[in-house]
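Asker: Read left to right, the sequence shown gives residues 873 to 1230 (the working numbering). Handing you this structure, nothing more for now.
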Amino acid sequence: MPAHRAQGFHQSLPNGRLPGYVAAQGSELRFTSEDASTSVCMPFSGLELKLGGMNGDVPEFRHSSAEGWVLVVNDRALLTDPLLAAQPALRDSLKKAAGSKAWRGMLIAVGVMILLITLPLLALWLYRQEIVESIVNKIPVETEIQIGKMAWEAMKAEEEIIDDPNFKAQVDDVTKLLLPQINKPNGMEFQFHIARKDDVMNAFAMPGGYVVVYTGLLKKVQRKEQLAGVLAHEIAHVTERHALNNIVSSLGVSVLVSALIGDSSTLESVLAGSSEMLLGQKFSRDAETEADDVAWETLVRSNLDPRGLREFFEILQKEEEKLLGGLMKGALSWLSTHPATEERIARLRQKESEHLSR
Ligand SMILES: [Zn+2]
């Protein structure tokens, strides 16, 4: 007959209670205090079982023959005692007592499961940008070049790419100064192409270093520092991997997780199909600010007046206003891919006043 930890409660006791043990034996439940000074007997017949405690799952025994006594059993193993279970009068309350525990246990299990599922999702949500960045950083340069090449092939099929020596010289003049000053990853070679569209004042860079410059832009710039400004900005989108960041940001949680734990096969197939998404994509405001800042540094290192970048934005704004007057906004115009120009002009002016003492 195993004894179970219990406490006997009675108002006559000095502390109102006594620690001790309860055991089922013969035809009764017997409580013996730890110091063996007190014992209380409760016959099975007429034994009352209630559930008490904060969670309503602690068995309490009472009997009319032991007046005022309550035996609180801390050890629930008593509930499965065969002697107790054999008492028809107790069967219902024992079942209820056992059930209350099972129900609580299930509740805890469900709670733990919900936590186990939501915690990683919460972490993913909180650290999404960091996760995206770490995945972007892991994309090999060869993959990047492949994606860019596909986008470039698609663009080449749509645009009239020209080989005009004057335009080419205009671009080369600037890129020969910029390229030695950029953080170009190993294995990547920038290539600049000229597309004939006199009404489009834009340049467009794809991952892997494929850059398309429209004749509209080449005709409108008034000095080479302005062209250098735009090109340095576009180059910065490539070196900072903004397009790859866009693609990875658009991925679902499952692809992110599998890429994160090192299974890059899903990521690679998504990347392989992403070249179309690159054409006409918009960058976030943060990416644009970063591209402006990186371009600024490149211009300064190249000994080119960095005010060219802001001047370019201003020419552009005027041109766009003219076009907007005629409701002719080109799909690939700078403002359609680069919003908030006003703000960026103001920011660059601020930078100029801080860094240039002229
Ligand atoms: Zn941009």
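Just so you know, even glycine gets a beta-carbon here, dropped at the ideal spot from N, CA and C.
When the distance is taken between beta carbons, is Gly1080 closer than 9 Å to Val1120?
Answerer: Residue 1120 sits at position 248 when you count from the first residue of the sequence shown. Residue 1080 sits at position 208 when you count from the first residue of the sequence shown. Not closer than 9 Å, so no.
Asker: Under 8 Å from any heavy atom of ligand 1, does the C-beta of Ala1100 make it?
Answerer: Indexing the sequence shown from 1 puts residue 1100 at position 228. No; taking the cut-off as 8 Å, the Cβ of Ala1100 has no heavy atom of ligand 1 nearer than that.
Asker: Find the nearest neighbour of Val1129 within the set Gly892, Ile1003, Pro1012, Phe881, judged by alpha-carbon distance.
Answerer: For the purposes of this step, residue 1129 is taken as residue 257 along the sequence shown, with counting starting at 1. Looking at the Cα atoms, Ile1003 is the closest of the given residues.
Asker: What do you reckon, is the C-beta of Glu1215 under 8 Å from a heavy atom of ligand 1?
Answerer: Numbered from its first residue, the sequence shown carries residue 1215 at position 343. Every heavy atom of ligand 1 is 8 Å or more from the Cβ of Glu1215, so no.
Asker: On the DSSP letters alone, give me the boundaries of the beta strand (DSSP E) that Gly945 sits inside.
Answerer: Taking the first residue of the sequence shown as position 1, residue 945 is located at position 73. The question names Gly, but residue 945 in the sequence shown is Val. Residues 942-945.
Asker: Within 10 angstroms of the Cβ of Pro1052, are there 16 or more other Cβ atoms? Answer buried if so, exposed if not.
Answerer: Taking the sequence shown and counting its residues from 1, one reaches residue 1052 at position 180. By the neighbour-count rule (16 or more Cβ atoms within 10 Å), Pro1052 is not buried but exposed.
Asker: Could you check if Met914 is buried or exposed, using at least 16 other CB atoms within 10 Å of its CB as the buried criterion?
Answerer: One-based indexing of the sequence shown puts residue 914 at position 42. Answer is buried; the Cβ neighbour count reaches 16.
Asker: With DSSP as the reference, please indicate the residues paired to Gln1189 in a beta bridge.
Answerer: Taking the first residue of the sequence shown as position 1, residue 1189 is located at position 317. Gln1189 is not bridged to any residue.
Asker: What are the boundary residues of the alpha helix (DSSP H) that Phe1062 is part of?
Answerer: Here residue 1062 refers to the residue found at position 190 when the sequence shown is read from its first residue. Neither: Phe1062 is in no alpha helix (DSSP H) and is coded neither H nor E.
Asker: With 16 other CB atoms within 10 Å as the buried threshold, where does Asn1066 fall?
Answerer: What you label residue 1066 is simply residue 194 of the sequence shown in a count that begins at 1. It should be pointed out that residue 1066 corresponds to Ile in this sequence rather than to Asn. It is buried - the Cβ of Ile1066 has at least 16 other Cβ atoms within 10 Å.
Asker: Please state whether DSSP places Met985 in a helix, a strand or coil.
Answerer: Sequence index remark: in the sequence shown, residue 985 carries index 113 (1-based). Met985 falls in the helix class under three-state DSSP.
Asker: Measuring only from the beta carbon, is Glu1106 closer than 8 Å to any heavy atom that is part of ligand 1?
Answerer: Start at 1 with the first residue of the sequence shown, and residue 1106 comes out as number 234. Yes - ligand 1 has a heavy atom lying nearer than 8 Å to the Cβ of Glu1106.
Asker: Within the continuous beta strand (DSSP E) that includes Met1027, where are the two ends?
Answerer: Position 155 of the sequence shown, counted from the start, is the residue given in the question as residue 1027. Here Met1027 belongs to no beta strand (DSSP E); instead the alpha helix (DSSP H) covers 1013-1030.
Asker: In whole angstroms, what separates the C-alpha of Lys1096 from that of Gly1180?
Answerer: As a working mapping, residue 1096 is identified with position 224 in the sequence shown. As a working mapping, residue 1180 is identified with position 308 in the sequence shown. Approximately 8 Å between the Cα atoms of the pair.
Asker: Relative to ligand 1, is the shortest distance from any of its heavy atoms to the C-beta of Phe1155 smaller than 8 Å?
Answerer: Numbered from 1 along the sequence shown, position 283 holds the residue referred to as residue 1155. Correct: Phe1155 has its Cβ closer than 8 Å to ligand 1.
Asker: Going by the CB atoms, is the gap between Gly1101 and Glu1005 shorter than 9 Å?
Answerer: Within the sequence shown, numbered from 1, the residue matching residue 1005 stands at position 133. Within the sequence shown, numbered from 1, the residue matching residue 1101 stands at position 229. No, Cβ-Cβ distance for Glu1005 and Gly1101 is not below 9 Å.
Asker: Could you check whether the Cβ of Ala1163 sits closer than 8 Å to any heavy atom belonging to ligand 1?
Answerer: As a first step, residue 1163 is located in the sequence shown; it is residue number 291 there, counting from the start. Yes, the beta carbon of Ala1163 sits closer than 8 Å to at least one heavy atom of ligand 1.
Asker: My output table needs one value for Pro954: the three-state DSSP class, helix, strand or coil.
Answerer: As a first step, residue 954 is located in the sequence shown; it is residue number 82 there, counting from the start. It is helical.
Asker: By the three-class DSSP mapping on this structure, what secondary structure does Ala829 have?
Answerer: The first residue shown for the chain is 873 and the last is 1230, placing residue 829 beyond what the model contains.
Asker: Determine, using beta-carbon pairs with one atom in the segment 1068-1087 and one in the segment 1009-1026, whether at least three such pairs fall under 8 Å.
Answerer: Yes, the segment 1068-1087 touches the segment 1009-1026.
Asker: Mind checking which residues open and close the beta strand (DSSP E) that includes Val930?
Answerer: Within the sequence shown, residue 930 is the residue found at index 58, counting from 1. Val930 -> beta strand (DSSP E) spans 930-934.
Asker: If the criterion is Cβ atoms closer than 9 Å, does the pair Val945 and Pro931 meet it?
Answerer: As a first step, residue 945 must be located in the sequence shown, where it is residue number 73. As a first step, residue 931 must be located in the sequence shown, where it is residue number 59. The answer is yes: Cβ separation under 9 Å.
Asker: Can you tell me the Cβ-Cβ gap for Pro874 and Ala908, rounded? I've got them flagged as a contact below 8 Å.
Answerer: As a position in the sequence shown, residue 874 is number 2, starting the count at 1. As a position in the sequence shown, residue 908 is number 36, starting the count at 1. Going by Cβ atoms, the distance from Pro874 to Ala908 rounds to 18 Å, so no, they are not a contact pair.
Asker: If you compare alpha carbons, which of Glu1140, Leu1132, Glu1193, Thr1138 is closest to Tyr999?
Answerer: For the purposes of this step, residue 999 is taken as residue 127 along the sequence shown, with counting starting at 1. Ranking Glu1140, Leu1132, Glu1193, Thr1138 by Cα distance to Tyr999 puts Leu1132 first.
Asker: Have a look at Trp941 and Gly880 and give me their C-alpha separation to the nearest angstrom.
Answerer: Walking along the sequence shown from the start, residue 941 turns up at place 69. Walking along the sequence shown from the start, residue 880 turns up at place 8. Answer to the nearest angstrom: the Cα atoms are 7 Å apart.
Asker: Decide if Ala1041 is buried, meaning its Cβ has at least 16 other Cβ atoms within 10 Å, or exposed.
Answerer: To locate residue 1041, count along the sequence shown from 1; it is residue 169. Ala1041 should be labelled exposed.
Asker: How close, in whole Å, do the beta carbons of Ile1019 and Ser1141 come, if the pair is a contact with beta carbons under 8 Å?
Answerer: Here residue 1019 is taken as the residue at index 147 of the sequence shown, counted from 1. Here residue 1141 is taken as the residue at index 269 of the sequence shown, counted from 1. Incorrect: roughly 12 Å between the Cβ atoms, too far for contact.
Asker: How about Arg948 and Ala981: are their beta carbons less than 9 Å apart?
Answerer: Along the sequence shown, one-based indexing puts residue 948 at 76. Along the sequence shown, one-based indexing puts residue 981 at 109. Contact flag unset, no.
Asker: Rounded to a whole number of angstroms, what is the C-alpha to C-alpha distance between Gly983 and Ser936?
Answerer: Here the question's residue 983 lines up with position 111 in the sequence shown. Here the question's residue 936 lines up with position 64 in the sequence shown. Between Gly983 and Ser936, the C-alpha separation is close to 41 Å.
Asker: Excluding sequence positions up to five away, which residues of its chain have a Cβ less than 6 Å from the Cβ of Gln959?
Answerer: On the sequence shown, residue 959 is found 87 positions in, with the first residue counted as 1. Same-chain partners within the cutoff: Phe916.
Asker: Is it buried or exposed for Ser1174, if we count other Cβ within 10 angstroms and need 16 for buried?
Answerer: Indexing the sequence shown from 1 puts residue 1174 at position 302. It is buried - the Cβ of Ser1174 has at least 16 other Cβ atoms within 10 Å.
Asker: Measuring only from the beta carbon, is Ala1159 closer than 8 Å to any heavy atom that is part of ligand 3?
Answerer: Among the ligands in the structure shown, ligand 3 does not appear; only ligand 1 can be found there.
Asker: Quick check: does the Cβ of His1065 come within less than 8 Å of any heavy atom belonging to ligand 1?
Answerer: Within the sequence shown, residue 1065 is the residue found at index 193, counting from 1. Incorrect: His1065 has no Cβ contact closer than 8 Å to ligand 1.
Asker: Quick check: His876 and Tyr893, are their CB atoms within less than 9 Å of each other?
Answerer: Within the sequence shown, numbered from 1, the residue matching residue 876 stands at position 4. Within the sequence shown, numbered from 1, the residue matching residue 893 stands at position 21. Going by C-beta atoms, His876 is nearer than 9 Å to Tyr893.
Asker: If you draw a straight line from the C-alpha of Ala1007 to the C-alpha of Val1084, how long is it?
Answerer: Along the sequence shown, read from residue 1 onward, the residue named residue 1007 stands at position 135. Along the sequence shown, read from residue 1 onward, the residue named residue 1084 stands at position 212. Ala is not the amino acid found at residue 1007; the sequence shown has Ile there. Rounded to whole angstroms, Ile1007 to Val1084 spans 27 Å at the Cα level.
Asker: Give me the Cα-Cα distance between Ile1217 and Ile1017, rounded to the nearest whole angstrom.
Answerer: Start at 1 with the first residue of the sequence shown, and residue 1217 comes out as number 345. Start at 1 with the first residue of the sequence shown, and residue 1017 comes out as number 145. Computed Cα separation, rounded: 32 Å.
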